[in-house]
Amino acid sequence: MDKSITLPPNEIFRNLENAKRFAIDIGGSLTKLAYYSTVQHKVAKVRSFDHTAKGDPLYEISMQEEVSARLHFIKFENAYIETCLDFIKDHLVNTDTKVIKATGGGAHKFKDLIEKKLKLRVDKEDEMTCLIKGCNFVLRNITHEAFVYAKHADSEFRFQNTHPDIFPYLLINIGSGVSIFKVESEDTFERVGGSSIGGGTFWGLGALLTKTKRFDELLQLASKGQHTNVDMLVKDIYGGSYGSLGLTGDLIASSFGKSATPDKEFSKEDMAKSLLHMISNDIGQLACLYARLHNLTRVYFGGFFIRGHPVTMHTITYSINFFTKGEVQALFLRHEGYLGTIGAFLKGAEEDNPNQYSWGENYAGSSGLMSTSPDLNPMQRARSGTFDMLEMDRLERQLVNLPLLQDPSSYIPDTVDLSEDALAREYWLYCFEEALDGVVKRAVASQPDLPEAAERAEKFRHKYQHKLQTLRHQPFAYGSLTVRSLLDTREHCLNEFNFPDPYSKIKQGENDMALKYFQKAVKSLEELSWEQRQFALVRGLLAGNVFDWGAKAVSELLNYSSFFSIDRPWLVDAYDQWLERLKGPPHKCALFFVDNSGIDIILGVFPFVRELLCRGTEVVLASNSSPALNDVTNSELQILTERIAAMDLVIQSAVKEDRLTLVQSGSSSPCLDLSRLDKVLAGVVRERHVDLVIIEGMGRAIHTNYYAILSCESLKMAVIKNSWLADRLGGKLFSVVFKYEVKDVKAEYYIAL
């Protein structure tokens, strides 16, 4: 066994000292290990003062320790298994587990070694049951898990939305042979077919033809080969296409058909490529037949034959497209190599019922999808052959779709996919790199009493810089690359180094300041005529939304001495339609996704909400469950609402009569994914019969949800605080977007970004 490697615990076997439960999946060449750990981390808590003296802050901020659950999955070559087991044994401290769940063909081979090293009893689980349990888990919990592979497109990987109902589907598992499963529910599946011609056939015949014994080397040969030197094509027989049968000239008529040519030598590369096409086409046709037989359109491929190799995915994709005439797509999974070990872990954790929770991928601790293309980022390709990691955090809130999405299956949160737009990608990566110094400074400033904060902040900087470099080379690493995913990755890295709320002090000061002007603002509004007041309310909302420390242009120019001037016509201007709607009957209930602290929430949102309440409309304010930039959190909003209610009878009575409700969104992002919202919020939306959704802010209404179609009326409002984005939209810095949309009737045209 190779024991020459060094394993840094903070990079690979993270938090091993707090591991509670283990599972392992051992294949022919790769081992996948899973464990559950409890993670201690800092959270920012706010608490209202009972009696606030003049000059005292509105609330106090404290850093407290909390414990949360995390799943760790690590993949490595079998050559390292003894070294890894030794490492685990030496660092295992707080576990009381006596059993390790095991699956895979190698579980029996390494059983004695595992039991000897870890002093844990190996409990073997059924391989296929684990595989399907794991597949269900990743499809349900990981956004952009499934993708279509498009070899010659600008972006090789076209990620699919997480469907609200993942069942039924067909799973084609290509190991030594092929097994085809029809999966109908969490616990209902059956093997409907298979074939003896699979990965083992490719490996075995490939070894005989090329004398190459390693599977990955065989695929590398195939990637360099030209199958037409070995395969007989339709045009080789008929001199061109066979039109009456619909066969093009480039179609393979006979695999290896030219190999019988006397006195001709064939290269290893060409033979490997021909063999790969032959087996992939056979599997593809078989998959199509079963998909049609069972009337299924979702067909996922997995198994060691896939392993993320572009040449394999391309040949299977071509085969599926050919045999179904494009009606069925070949779907691959970012984490298909982990399915067995995830399933084995879930089998061992059934008493904790992990499926009752929602889980989220932790970008700070996950490797991401590694391309094995020979020409792409050799450093990362080499690493994927050693260790690969996936971490998932248990979320405090169970997440579901917003019930008002018109078609949840087609909903795409993000407006621009940076994976497919090279210019946009480079611009935003540069922006996030440029902003890093400021984020580090604010992180340190948020914890002035902790001398080690500066050291942790530098570790954050290093980690996030590394993530940005990875995404520059592999924009597909965590699914579709978007502004939202870049922001979320930064938040994950900040939390990793115990900076849960770098903007806490800034938000506290802005909230204190804005509250002093609330009554004056309300009085000024009440002195206006009805029509003047409606415009002033919208203008106040937009002006308040300008003050956003997350936007570089604003953080450089922020000055509270005067309000921002907002003149019509706006870049997107549906205000006249909105005003006409206000002349009609009131809405029953409005759901308002709020944005920033300070002026935005206090002098922008609350006066607007107050007017809706006066019209007889109930209001639900949805705010972040956890901190992100200077966005107001639910706990902060509770305190602000209490203070505003004490000085305003309209807000006070609405709170007492339950006409104004505060609910967590379930989000910890500056953007908004309407397919992953707190289940409690979804219940409130149904109970209150929400008929108006209001989304404000550049992150929630421009970077995300600009094209979201709802089954009720909606308002999307934002000031564009980024000059590049404003130019892309056809406007200038601080241009206004005011979209009012009615179900099935658009009040303005969509702008193509």
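In my numbering, the protein residues as written are 190 to 942. Glycine included, each C-beta is placed from N, C-alpha and C at the ideal position. As the structure is a prediction and not an experimental result, all values here were calculated from the model.
* To do: Specify the secondary structure class of GLU249 as computed by DSSP and reduced to three states.
  => As a first step, residue 249 is located in the sequence shown; it is residue number 60 there, counting from the start. DSSP places GLU249 in strand when its eight states are reduced to three.
* Asked: Tell me which same chain residues have a C-beta within less than 6 Å of the C-beta of ASP471, skipping the five on either side of it?
  -> Taking the sequence shown and counting its residues from 1, one reaches residue 471 at position 282. So the qualifying residues of the chain are ILE386.
* To do: Take the Cβ of PRO563 as the centre, count every other Cβ of all protein chains shown within 10 Å, and call the residue buried at 16 or more, exposed below.
  => Within the sequence shown, the letter at position 374 stands for residue 563. Because the pLDDT of PRO563 is 37, which lies under 50, any placement of that residue in the model is unreliable, and the number read from its coordinates should be weighed accordingly. By the 10 Å Cβ count, PRO563 comes out exposed.
* To do: Just tell me which of LYS921, LYS340, MET578, PRO816 has its CA closest to the CA of LEU676.
  => Your numbering for residue 676 matches position 487 in the sequence shown. Closest by alpha carbon: PRO816.
* Might you give, ordered along the chain, the residues of its own chain that have their beta carbon closer than 6 Å to the beta carbon of SER547, omitting 5 neighbours on each side? => Working through the sequence shown from its first residue, we reach residue 547 at position 358. Excluding positions up to five away in sequence, the list reads LEU584, GLN587, LEU588.
* To do: Reducing DSSP to helix, strand and coil, say where GLU516 ends up.
  => What you label residue 516 is simply residue 327 of the sequence shown in a count that begins at 1. DSSP places GLU516 in coil when its eight states are reduced to three.
* Tell me which same chain residues have a C-beta within less than 6 Å of the C-beta of ARG757, skipping the five on either side of it? -> Along the sequence shown, one-based indexing puts residue 757 at 568. Nothing listed; no residue qualifies.
* Asked: Do you know offhand how far SER251's Cα is from ALA208's?
  -> What you label residue 251 is simply residue 62 of the sequence shown in a count that begins at 1. What you label residue 208 is simply residue 19 of the sequence shown in a count that begins at 1. C-alpha separation (whole angstroms): 28 Å.
* Asked: On the three-state DSSP scale, how would you describe TRP548?
  -> By 1-based counting over the sequence shown, the position of residue 548 is 359. TRP548: strand per DSSP, three-state reduction.
* **Straight-line Cα distance separating LEU618 from LYS932** => Counting from one through the sequence shown, the residue named residue 932 turns up at place 743. Counting from one through the sequence shown, the residue named residue 618 turns up at place 429. Going from the Cα of LYS932 to the Cα of LEU618 covers about 36 Å.
* Could you check if THR377 is buried or exposed, using at least 16 other CB atoms within 10 Å of its CB as the buried criterion? => Against the sequence shown, residue 377 aligns to sequence position 188. Exposed, because fewer than 16 other Cβ atoms sit within 10 Å of the Cβ of THR377.
* Going by beta carbon distance, what residues of the same chain come within less than 6 Å of TRP767, once the five residues before and after it are set aside? -> Here residue 767 is taken as the residue at index 578 of the sequence shown, counted from 1. Within the same chain, TRP767 has close Cβ partners TYR929.
* **Continuous beta strand (DSSP E) stretch holding CYS778: start and end** => To locate residue 778, count along the sequence shown from 1; it is residue 589. Looking at the DSSP string, the run of the beta strand (DSSP E) that includes CYS778 is 778-782.
* To do: Assuming GLY293 and ASP405 form a contact by the criterion Cβ under 8 Å, report the distance between their Cβ atoms to the nearest whole angstrom.
  => Position 104 of the sequence shown, counted from the first residue, corresponds to residue 293. Position 216 of the sequence shown, counted from the first residue, corresponds to residue 405. Their Cβ separation, rounded to whole angstroms, is 18 Å, which puts GLY293 and ASP405 out of contact at 8 Å.
* **Length of the line joining the Cα atoms of ASP690 and ALA871** => On the sequence shown, residue 690 is found 501 positions in, with the first residue counted as 1. On the sequence shown, residue 871 is found 682 positions in, with the first residue counted as 1. So the two alpha carbons sit approximately 26 Å from each other.
* Grab the span of the alpha helix (DSSP H) containing PHE534 for me, first residue to last. => Numbered from its first residue, the sequence shown carries residue 534 at position 345. That run of the alpha helix (DSSP H) goes 528-537.
* Taking GLN349 as the reference, which of VAL419, GLY217, ASP606, VAL882 has the closest Cα? -> Counting from one through the sequence shown, the residue named residue 349 turns up at place 160. Nearest option by C-alpha distance: ASP606.
* **Span of the beta strand (DSSP E) around ASP376** => Here residue 376 refers to the residue found at position 187 of the sequence shown. Neither: ASP376 is in no beta strand (DSSP E) and is coded neither H nor E.
* Taking 7 Å as the line, does the beta carbon of HIS280 fall inside it for any heavy atom of the ligand ZN? -> This structure lacks the ligand ZN, and indeed carries no ligand of any kind.
* With DSSP run on the structure shown, which of helix, strand or coil describes GLU615? -> Here residue 615 refers to the residue found at position 426 when the sequence shown is read from its first residue. GLU615 falls in the helix class under three-state DSSP.
* To do: Can you grab the Cα-Cα spacing for the pair GLY435 / ASP343, in whole Å?
  => Counting from one through the sequence shown, the residue named residue 435 turns up at place 246. Counting from one through the sequence shown, the residue named residue 343 turns up at place 154. Whole-angstrom Cα-Cα distance: 29 Å.
* Asked: Is DSSP giving VAL821 helix, strand or coil here?
  -> Here residue 821 is taken as the residue at index 632 of the sequence shown, counted from 1. Coil at VAL821, not helix or strand.
* To do: Count the CB pairs spanning the region 358-367 and the region 475-491 that are closer than 8 Å, and state whether there are at least three.
  => Using a Cβ-Cβ distance cut-off of 8 Å, the region 358-367 and the region 475-491 are in contact, since at least three pairs of beta carbons, one from each stretch, lie closer than that value.
* Would you list the residues sitting across from ASP603 in a DSSP beta bridge? => On the sequence shown, position 414 is the one that residue 603 refers to. THR893.
* **Buried versus exposed, by CB contacts within 10 Å (16 or more), PRO664** => Translated into positions along the sequence shown, residue 664 becomes position 475. Classification of PRO664: buried, given that the 10 Å Cβ count is 16 or more.
* In chain order, which beta strand (DSSP E) runs of at least 3 residues are fully inside the region 351-407? -> 358-363, 367-372, 378-384
* **THR227 - partner residues in DSSP beta bridges** => By 1-based counting over the sequence shown, the position of residue 227 is 38. ALA258.
* Asked: Based on the DSSP secondary-structure assignment, which residues constitute the bridge partners of GLN853?
  -> What you label residue 853 is simply residue 664 of the sequence shown in a count that begins at 1. Beta-bridge pairing links GLN853 to SER812.
* Where in the region 470-508 do unbroken runs of the beta strand (DSSP E), each at least 3 residues long, occur, reported from the N-terminal end onward? -> Correct list: 487-491.
* To do: Tell me whether GLU482 is buried or exposed, calling it buried when 16 or more other Cβ atoms sit within 10 Å of its Cβ.
  => Counting from 1 along the sequence shown, the entry for residue 482 is found at position 293. Note that residue 482 corresponds to Leu in the displayed sequence, not to Glu. Looking at its Cβ environment, which holds fewer than 16 other Cβ atoms inside 10 Å, LEU482 is exposed.
* What three-state label does DSSP hand ASN785 in the structure shown? -> Counted from its first residue, the sequence shown places residue 785 at position 596. Correct three-state label for ASN785: strand.
* Quick one: is VAL256 buried, meaning 16 or more other Cβ sit within 10 Å of its Cβ, or exposed? -> By one-based count along the sequence shown, residue 256 stands at place 67. So VAL256 counts as exposed.
* **Beta-carbon separation (whole angstroms), LEU522 vs GLY491, contact threshold 8 Å** => Here the question's residue 522 lines up with position 333 in the sequence shown. Here the question's residue 491 lines up with position 302 in the sequence shown. That pair is a contact at about 6 Å.
* What's the C-alpha gap between TYR667 and ASN551? -> Here residue 667 is taken as the residue at index 478 of the sequence shown, counted from 1. Here residue 551 is taken as the residue at index 362 of the sequence shown, counted from 1. Each residue's alpha carbon lies about 10 Å from the other.
* Alpha carbon to alpha carbon, how far is PHE688 from LEU625? Give it in angstroms, no decimals. => The residue given as residue 625 occupies position 436 in the sequence shown. The residue given as residue 688 occupies position 499 in the sequence shown. Cα-Cα distance, rounded: 14 Å.
* Asked: Helix, strand or coil for ILE909 per DSSP?
  -> Residue mapping note: residue 909 aligns to position 720 of the sequence shown, counting from 1. Reduced to three states, the DSSP call for ILE909 is coil.
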